[in-house]
Amino acid sequence: ETGVTQSPTHLIKTRGQQVTLRCSSQSGHNTVSWYQQALGQGPQFIFQYYREEENGRGNFPPRFSGLQFPNYSSELNVNALELDDSALYLCASSPRPGAIQYFGAGTRLSVL
Amino acid sequence: QQQVKQSPQSLIVQKGGIPIINCAYENTAFDYFPWYQQFPGKGPALLIAIRPDVSEKKEGRFTISFNKSAKQFSLHIMDSQPGDSATYFCAASIGSGAGSYQLTFGKGTKLSVIP
Chain C
1 ETGVTQSPTH LIKTRGQQVT LRCSSQSGHN TVSWYQQALG QGPQFIFQYY REEENGRGNF
61 PPRFSGLQFP NYSSELNVNA LELDDSALYL CASSPRPGAI QYFGAGTRLS VL
Chain L
1001 QQQVKQSPQS LIVQKGGIPI INCAYENTAF DYFPWYQQFP GKGPALLIAI RPDVSEKKEG
1061 RFTISFNKSA KQFSLHIMDS QPGDSATYFC AASIGSGAGS YQLTFGKGTK LSVIP
């Protein structure tokens, strides 16, 4: 196990709703990255947080937003959910930007 | 635009065989190339990684071959076992500048090792 925990494990929402996903990083890790993995695809980078600041963002619209807290845990928020947002959302923590990323098991989001 | 192309999409080998998974990249700024293994219901786990200053790296039964001029790299699994059955992803990242440290993944290869 990587020590990265994500909650909830599964979530079902309807189109237009908002969702918050949570990630607890491995002890000693100050960097958290979020990825979206659609069915049958590789993970796609959403954004990275380093010491509570956004440290890079992928090609995702502004309705995808995040936070990192002083204990380095993190949240991913998605507003105005669309059907295409249905995916596995992965959180990865690392001791610093550029170091090995350790992934959690993910949150499976279904948008109906 | 897919920056890391992975093939094949799926692969079936007999136990003891040597599956080979190939990846090609476009962005010459990439300077870190990891391979991840993912089992159903789990997140990806790092297997092995290489930087472009070496042509080959071995860790246990896993070997990465890297061809910088061709912008290609591959994963070989020696003496494959049924427990190696999983989805394998290649990835690439840049160590500095805009877009640094974000992993760009291939689409994955589902490997099945038959006893």
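If you read the protein sequences in the order shown, they are chains C and L.
Reading the first sequence from the start, the letters are residues 1 to 112 in my numbering.
Reading the second sequence from the start, the letters are residues 1001 to 1115 in my numbering.
We put the CB at the ideal spot given by N, CA and C, even for glycine.
Rounded Cβ spacing between residue i and residue j (contact assumed at less than 8 Å)
i, j, result
"L/Q1003", "L/N1027", "5 Å"
"C/E54", "C/F47", "6 Å"
Burial state of residue i, where buried means 16 or more other Cβ atoms lie within 10 Å
i, result
"L/V1054", "exposed"
"C/S110", "exposed"
"L/I1114", "exposed"
"L/F1039", "exposed"
"L/Q1014", "exposed"
"C/T9", "exposed"
Same chain, Cβ closer than 6 Å to residue i, five either side skipped, listed in chain order
i, result
"C/S93", "V4, S25, Q26, H29, V32, Y102"
"L/K1110", "S1010, T1087"
"L/I1012", "S1112"
"C/V70", "Note on identity: in this sequence residue 70 of chain C is Pro, with Val being the wrong assignment. No residues qualify anywhere along the chain."
Proximity test, Cβ basis, 7 Å: residue i and chain L
i, result
"C/Q26", "no"
"C/G42", "yes"
"C/L90", "yes"
"C/A105", "yes"
"C/P95", "no"
"C/G56", "yes"
"C/G66", "no"
Neighbour flag for residue i against chain C, beta carbons, 7 Å
i, result
"L/L1075", "no"
"L/F1105", "yes"
"L/Q1072", "no"
"L/G1083", "no"
"L/P1044", "yes"
**Q.** Complete beta strand (DSSP E) runs within the segment 1020–1083 of chain L (minimum length 3 residues, chain order)
**A.** 1020–1025, 1033–1038, 1045–1050, 1056–1059, 1062–1067, 1072–1077
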